[in-house]
Amino acid sequence: MAAQSCRASVLGVFAGGLTVIGETGHLTGMCKRRQVGAVAVGIEGLAGDQIADLRFHGGPDKAVHLYAVEHYAQLCETFPAPDEAFGCGSFGENLSLQGLPDDEVCIGDVYTVGSVVLQLSQPRSPCWKLNARFGVPTLSRYIQDERMTGWYARVMEPGVVAEGDVLALAERQSDACTVAEFWDRVLGREPDVDALQALAESAGLAVDWRRRLMQRVQWLREHASCP
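For what it's worth, the working numbering labels the leading residue of the sequence shown as 5, then goes sequentially.
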């Protein structure tokens with residue numbers, strides 16, 4: 005895809021504090037509030053945003069969560085009666101985008117939005133809290149299987165972002181792997197070791213995913229069947 009066509013509109017900017025999800029008693033930062041006007045974005049994410057479980061969310065490699073609203077239309081058709089309606093901000097994203105679904109963005113992509121520069125670092129790994137919030141036990145699995153997880157970015161240059169801004173591709177590696185392809189490689193029943201190693205070596209990939217993939221590659225090579 006040509007760089008000039010890799011653009012998306014920011015339909016919503018979201019940040020917020022922690023809430024209890026359903027009757028589970030567990031805290032979540034998923035229920036964010038729409039922000040009006042320019043919002044400061046630093047190395048750790050958006051001003052005023054809070055993370056419930058730092059083991060799995062937050063940190064420089066997962067500073068900003070972005071999600072394509074196109075995916076919500078499919079979810080509305082598949083799950084017509086969730087406990088809460090699907091729409092901008094539903095999955096706890098910081099930026100709701102229109103124009104760049106997961107099969108059109110790549111690991112390591114560098115984007116400008118407002119005065120901020122972001123680098124796509126990894127896909128989101130959907131968890132049980134999505135199921136609990138929407139009352140759909142199979143939701144997180146469906147999102148992953150359909151390759152509509154959304155993605156995280158690190159902040160390369162802090163600045164401000166606002167609803168109505170345009171997210172535009174500034175740089176892409178020639179051998180970059182899309183977020184959808186990332187899951188194809190990682191979740192494939194017959195893993196391609198060379199493809200996994202290439203993925204692990206992707207420029208811009210989050211440190212934790214790089215470590216996990218290299219460990220898997222090493223294990224697969226050590227346990228490869230003898231000819």
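The beta-carbon is built from N, C-alpha and C at its ideal position, and this holds for glycine as well.
Assign residue i to buried or exposed, taking buried as 16 or more other Cβ atoms, counted over all protein chains shown, within 10 Å of its Cβ.
i    : result
G118 : buried
E27  : exposed
L70  : buried
H75  : buried
R225 : exposed
T32  : buried
E97  : buried
W155 : buried
I47  : exposed
V14  : buried
M5   : With a pLDDT of only 49 at M5, under the threshold of 50, the placement of this residue in the model should not be trusted; the figure read from the coordinates follows. So M5 counts as exposed.
D53  : buried
G168 : exposed
L134 : buried
G192 : exposed
G93  : buried
L217 : buried
L22  : exposed
L58  : exposed
Is residue j closer than 8 Å to residue i when the C-beta atoms are compared?
i    : j    : result
D106 : T153 : yes
A2   : V17  : With the chain covering 5 to 231 only, the question about residue 2 has no answer from this structure.
V164 : V45  : yes
L122 : M160 : yes
L101 : V68  : no
M34  : F95  : yes
I25  : R137 : yes
S206 : I111 : yes
So, under 8 Å CB-CB, residue i and residue j are touching, yes? Tell me the CB distance rounded to an integer number of Å.
i    : j    : result
A51  : K36  : About 12 Å separates the two Cβ atoms, so there is no contact after all.
F186 : L171 : About 19 Å; that fails the 8 Å criterion.
L173 : D113 : 6 Å
K66  : S144 : Incorrect: roughly 17 Å between the Cβ atoms, too far for contact.
P64  : R158 : 5 Å
G62  : G49  : 7 Å
P162 : V120 : 7 Å
V221 : V109 : About 24 Å; that fails the 8 Å criterion.
G103 : R11  : 6 Å
Is the region 79-97 touching the region 173-192 in the sense that three or more CB pairs, one from each, lie closer than 8 Å?
The region 173-192 vs the region 79-97: no contact.
May I have a chain-ordered list of the alpha helix (DSSP H) segments no shorter than 4 residues that lie completely inside the region 119-161?
Listed in chain order, they are 132-138, 143-149.
What are the complete beta strand (DSSP E) segments, minimum 3 residues, inside the region 34-82?
If we require 3 residues or more, the beta strand (DSSP E) runs fully inside the region 34-82 come out as 43-46, 68-72.
The region 142-152 touching the region 206-221, judged by at least three CB pairs closer than 8 Å
In this structure the region 142-152 does not lie against the region 206-221, because fewer than three pairs of beta carbons, one per stretch, are closer than 8 Å.
Suppose only complete runs of 4+ residues qualify. What are the alpha helix (DSSP H) ranges in the region 182-213, listed by chain order?
Assignment of alpha helix (DSSP H) within the region 182-213, counting only whole runs of 4 or more residues, yields 183-191, 197-204 in chain order.
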